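In our numbering, the protein residues as written are 3 to 309.
All C-beta atoms in this analysis are idealised placements derived from N, C-alpha and C, irrespective of residue type, glycine included.
Given the structure is predicted, the values throughout are model-derived calculations rather than measurements.
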Amino acid sequence: MHFLLLIAFGLSACSSFLPAPQAPSLVQDGFRLTEANRPGQIVHLKSGRLVSFSQLQQELSKARFIFVGEVHDDPEHHLIQTQILLALLGATAHVHVGVEYLDATSQKAADDFVAERISEDVFLSRGNWEKNWGYSFYLYRPIFQAARGKAEGLVALNAPRRIVSKVGRSGIKSLNEEERRMIASDIDLGNDRHRRYLEKVFNRHPSFHPGRFDFFYEAQCVWEDTMAERAANYIKEKQGLMIIFCGNGHIAHRFGIPERLRRRAGGEILTVFPFRMSGGATIPPDLCDYVWLTGGKEISRTSPSSR
């Protein structure tokens with residue numbers, strides 16, 4: 003079931019700025035891109051100024067949590083994620099990595115892989131990569147190889163896919179006790195802005211039945227609260243920062259995982275949103291902290307499973 007919208011935006015954070023003659027134009031309802039903009043530029047969304055990669059790295063290193071989004075099948079987005087991860091690992095002590103791509107049942111495999119106790123093939127088998135995620139691992143290999151042996155932890159953040167799918171079909175109340183224990187203890191369904199945003203998304207999708215939105219929304223919140231809770235529980239007694247990789251739809255406007263994590267853990271949260279450029283696009287001012295402009299080409303998935 004396709005709960006996550008592949009939104010073509012991106013965000014990141016930084017406070018030191020370069021002169022920005024080619025930055026997007028600041029307009030009342032957001033930032034409008036112009037023909038002068040090009041892939042690879044990083045924009046501090048609040049000010050509209052361009053920042054260098056070094057400046058971005060410096061600001062990210064001060065945060066407790068960093069979100070770097072993606073369109074799942076876009077190799078350029080995964081290159082951005084890998085660059086940021088490598089920079090932080092090279093300059094920051096105590097870096098922990100959280101990923102949407104693995105669920106809690108894969109945590110032992112993640113622990114063994116990042117500690118270099120098992121091979122990539124064993125990790126993919128024990129983590130049920132193809133069944134649970136489905137996108138070609140070659141898109142993600144640079145992230146995992148960068149983390150292997152260097153990150154202090156690799157955290158499987160997601161709820162089991164079968165449980166999220168069940169909620170999408172018949173709601174949270176349909177879960178049995180064992181299934182309920184595998185998702186967040188507190189599911190926030192009361193954010194009106196989040197609900198309205200996702201309702202617009204839902205109504206644009208031709209395969210979704212209008213009468214199923216309530217269950218769709220419950221599934222999205224189960225997904226996001228579970229990832230937020232697992233991140234908060236993991237980092238509680240640990241030093242350093244946590245960088246989280248997930249789909250853009252989970253961090254857009256911050257009311258997905260970021261705000262749910264903030265309520266549980268506190269600390270500074272910064273977001274980086276890879277944004278596929280299109281002529282004259284206007285980026286909402288509250289989308290994120292930083293936008294990383296990309297061109298973007300899709301790669302077909304090797305698995306027929308949907309996400």
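Buried/exposed call for Glu-72, threshold 16 Cβ in 10 Å: In the sequence shown, the residue the question calls residue 72 occupies position 70. Buried, since its Cβ has 16 or more Cβ neighbours within 10 Å.
Beta carbon of Glu-226 nearer than 8 Å to that of Arg-262: As a working mapping, residue 226 is identified with position 224 in the sequence shown. As a working mapping, residue 262 is identified with position 260 in the sequence shown. In this structure, Arg-262 lies closer than 8 Å to Glu-226 by Cβ.
Contained alpha helix (DSSP H) runs [length at least 4] in the stretch 27-58, N- to C-terminal order: none
Where Ala-228 falls: helix, strand or coil (DSSP): Taking the sequence shown and counting its residues from 1, one reaches residue 228 at position 226. The question names Ala, but residue 228 is Thr in the sequence shown. Helix at Thr-228.
Residue burial classification, Thr-36 (beta-carbon count within 10 angstroms, cutoff 16): Reading the sequence shown from its first residue, position 34 is the one you call residue 36. Under this definition Thr-36 is an exposed residue.
Residue from Arg-163, Val-70, Asp-194 whose Cα sits closest to the Cα of Met-184: For the purposes of this step, residue 184 is identified with residue 182 of the sequence shown, where counting begins at 1. Met-184 has its Cα closest to that of Arg-163, out of Arg-163, Val-70, Asp-194.
Check whether Ile-189 and Ile-165 have beta carbons under 8 Å apart: To locate residue 189, count along the sequence shown from 1; it is residue 187. To locate residue 165, count along the sequence shown from 1; it is residue 163. Cβ distance not < 8 Å, so Ile-189 and Ile-165 don't count as in contact.
Burial state of Ser-27, where buried means 16 or more other Cβ atoms lie within 10 Å: Translated into positions along the sequence shown, residue 27 becomes position 25. Its pLDDT being 46, under 50, Ser-27 is placed unreliably in this model, and the value from its coordinates should be taken loosely. Exposed, by the Cβ-count rule.
Neighbourhood of Trp-131 by C-beta distance below 7 Å, restricted to the same chain and skipping five residues each side: The residue given as residue 131 occupies position 129 in the sequence shown. The answer, listed in chain order, is Phe-139.
Touching by the beta-carbon criterion (3+ pairs, under 8 Å), the stretch 202-212 and the stretch 137-157: no
CA-to-CA distance, Gln-222 to Val-169, given in whole angstroms: Your numbering for residue 169 matches position 167 in the sequence shown. Your numbering for residue 222 matches position 220 in the sequence shown. Whole-angstrom Cα-Cα distance: 9 Å.
Proximity below 8 Å, CB of Leu-47 to CB of Phe-69: As a first step, residue 47 must be located in the sequence shown, where it is residue number 45. As a first step, residue 69 must be located in the sequence shown, where it is residue number 67. No, these two residues do not count as a Cβ contact at 8 Å.
Residue nearest to Arg-264 in terms of C-alpha spacing, selected from Phe-67, Glu-61, His-74: One-based indexing of the sequence shown puts residue 264 at position 262. Nearest of Phe-67, Glu-61, His-74 to Arg-264, Cα basis: Phe-67.
Contact between the stretch 232-248 and the stretch 86-97 (3+ Cβ pairs under 8 Å): yes
Neighbour-count burial assignment, Ser-108, 16 or more Cβ in a 10 Å radius: Residue numbering aside, residue 108 sits at position 106 when the sequence shown is read from its first letter. Label assigned to Ser-108: buried.
Sub-8 Å separation of Val-293 and Val-45 beta-carbons: Here residue 293 corresponds to residue number 291 of the sequence shown, with the count starting at 1. Here residue 45 corresponds to residue number 43 of the sequence shown, with the count starting at 1. Going by C-beta atoms, Val-293 is nearer than 8 Å to Val-45.
Nearest residue (CA-CA) to Gly-251, options Gly-213, Arg-128, Phe-277, Thr-84: Counting from 1 along the sequence shown, the entry for residue 251 is found at position 249. Nearest of Gly-213, Arg-128, Phe-277, Thr-84 to Gly-251, Cα basis: Phe-277.
Contacts around Asp-114, its chain only, beta-carbon distance under 6 Å, and the 5 residues preceding and following it disregarded: Reading the sequence shown from its first residue, position 112 is the one you call residue 114. Excluding sequence neighbours, Asp-114 sits near Ile-120.
Span separating the alpha-carbon of Gly-297 from that of Glu-180: On the sequence shown, residue 297 is found 295 positions in, with the first residue counted as 1. On the sequence shown, residue 180 is found 178 positions in, with the first residue counted as 1. So the two alpha carbons sit approximately 44 Å from each other.
Beta strand (DSSP E) runs wholly inside the stretch 94-129, at least 3 long, in chain order: 97-105
Terminal residues of the alpha helix (DSSP H) in which Trp-131 lies: Here residue 131 refers to the residue found at position 129 when the sequence shown is read from its first residue. Start and end: 131-134.
Test item: CB-CB of Leu-295 and Arg-40 under 8 Å: Translated into the one-based positions of the sequence shown, residue 295 becomes position 293. Translated into the one-based positions of the sequence shown, residue 40 becomes position 38. Cβ distance < 8 Å, so Leu-295 and Arg-40 count as in contact.
Contact set for Gly-282: own chain, Cβ-Cβ below 6 Å, skip 5 residues either direction: Position 280 of the sequence shown holds residue 282. Excluding residues within five positions, none has a Cβ falling inside 6 Å.
Beta-carbon spacing of Glu-231, Arg-198 below 8 Å: Taking the first residue of the sequence shown as 1, we reach residue 231 at position 229. Taking the first residue of the sequence shown as 1, we reach residue 198 at position 196. No, these two residues do not count as a Cβ contact at 8 Å.
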